[in-house]
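In full-length UniProt numbering, the protein residues as written are 1 to 373.
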């Protein structure tokens, strides 16, 4: 069993000057900590030009799909120099006592909206993989409500917005099995001595085993080969890959209700792209209400988890968003994890996302947010 890894982020270089960084919990619930990678204000002021605009705020929404948010350490590091970075660090369901009650897909949307609101108006939201549909849903509701805290931009990376496009092996597995099969075969009861004893969960170790054996059966080297395929083309060396592999083996559990709702509404019935997604089974989700939140999508050419077109589908749903506020980018040569980690991400993807967020950054909103800290 691999425990939750540390962030291990202590500093960032800005204009060649080292700036100390302290991961600090800026907002919390029993199900999620929003971690702020707080830069030392004096060192930051020294590193930047006098009168420089505040760094634009970015909320990275990590996936709740079996791994800890620390899997996105490379993503955080890729934006630390250019943004004031926050990340949604989801909790392990096996550590959540049953008296805390449920945590489902709608609760996830609530959490996303609360975190965006806490950071304040004009922030940039970056959703990596799984969060795509619930993040788009949350921002759709903020737009429809004319919520003053809505973000300036949203970026989706390797996200299953519409898994009917270029279906991958995981997509096909989700469709081939019945919903009841997932209920009966993928849900387990948390044993003692974990605090979440008796809670029904989809365990991280089951997720790990499922992916490890997805394409290569029972070969002795299946795990290493599978991992190599995930990071294909990311441009990092073997040492970096080993570090990432250890991170990949650290897993968390998801609540039964969150996992099963995601299977049904995202992967089997495709609620969002079909226009039938509802919040708490009553409020219609309307991405067409988004008119002033810029949209960028990023996909990997060799992604065999979220196929080409699945993330791009967000553009087709945001029908009232001006074309000049939209950007789609496909990174040649990278697999799923190369979209948000590795050398290609650092040198080719992150700079493009940064350029995009800069276009839609409102200095006065960032300055107002800075005054509240």
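Cβ coordinates follow ideal geometry from the N, Cα and C atoms, glycine included.
- Where residue 124 is concerned, the enclosing beta strand (DSSP E) starts and stops at 124-128.
- Of the candidates 55, 173, 343, the residue whose Cα lies closest to the Cα of residue 364 is 55.
- Put simply, the backbone Cα of residue 4 is about 20 Å away from that of residue 129.
- For residue 360, there is no enclosing beta strand (DSSP E), as DSSP gives it neither H nor E.
- Between residue 287 and residue 264, the gap from beta carbon to beta carbon reaches 9 Å or more.
- Inter-residue distance for residue 151 and residue 281 is about 25 Å (C-alpha atoms, whole angstroms).
- In this structure, the beta-carbon distance from residue 138 to residue 258 does not fall below 9 Å.
- Judged by beta-carbon spacing, residue 157 lies beyond the 9 Å limit of residue 136, meaning their Cβ atoms are not closer than that value.
- Look at residue 302 here: in three-state DSSP terms it is coil, with no helix or strand label.
- When rounded, the separation of the alpha-carbon atoms in residue 112 and residue 17 is 33 Å.
- Between the stretch 350-361 and the stretch 286-303 there are three or more C-beta pairs closer than 8 Å, enough to call the two in contact.
- For residue 33, DSSP records a beta bridge to 28, 89.
- Around the beta-carbon of residue 274, fewer than 16 other beta-carbon atoms lie within 10 Å, marking it exposed.
- Residue environment analysis places residue 300 among the buried positions, since at least 16 neighbouring C-beta atoms fall within 10 angstroms of its C-beta.
- DSSP places residue 16 outside both helix and strand once states are collapsed to three, so it counts as coil.
- In the structure shown, residue 177 adopts coil according to DSSP, grouped into three states.
- Here residue 270 has 162, 163, 164 as same chain residues with Cβ atoms under 7 Å from its own Cβ, once five neighbours each way along the sequence are excluded.
- Exclusion of the five residues before and after residue 186 leaves 202, 206, 259 as the residues of its chain whose Cβ lies within less than 8 Å of its Cβ.
- Runs of the alpha helix (DSSP H) lying entirely within the stretch 295-345 and spanning at least 4 residues, in chain order: 313-317.
- Between the stretch 175-185 and the stretch 321-334, the count of C-beta pairs closer than 8 Å stays below three; the two stretches do not touch.
- In the structure shown, residue 262 adopts helical secondary structure according to DSSP, grouped into three states.
- Residue 86 and residue 60 have their C-alpha atoms some 6 Å from each other.
- Sequence-distant partners of residue 370 (beyond 5 residues in either direction) whose C-beta falls short of 6 Å from its own C-beta, in its chain, are 54.
- Boundaries cannot be given for residue 199, as no beta strand (DSSP E) includes it and DSSP labels it neither H nor E.
- No Cβ-Cβ contact shorter than 9 Å links residue 7 with residue 114.
- Shown here for residue 175: same chain residues with a beta carbon closer than 8 Å to its own, the five before and five after excluded, namely 167, 267, 268 in chain order.
- In the displayed model, residue 56 falls within coil according to three-state DSSP, outside both helix and strand.
- Residue environment for residue 143: buried (at least 16 other C-beta atoms within 10 angstroms of its C-beta).
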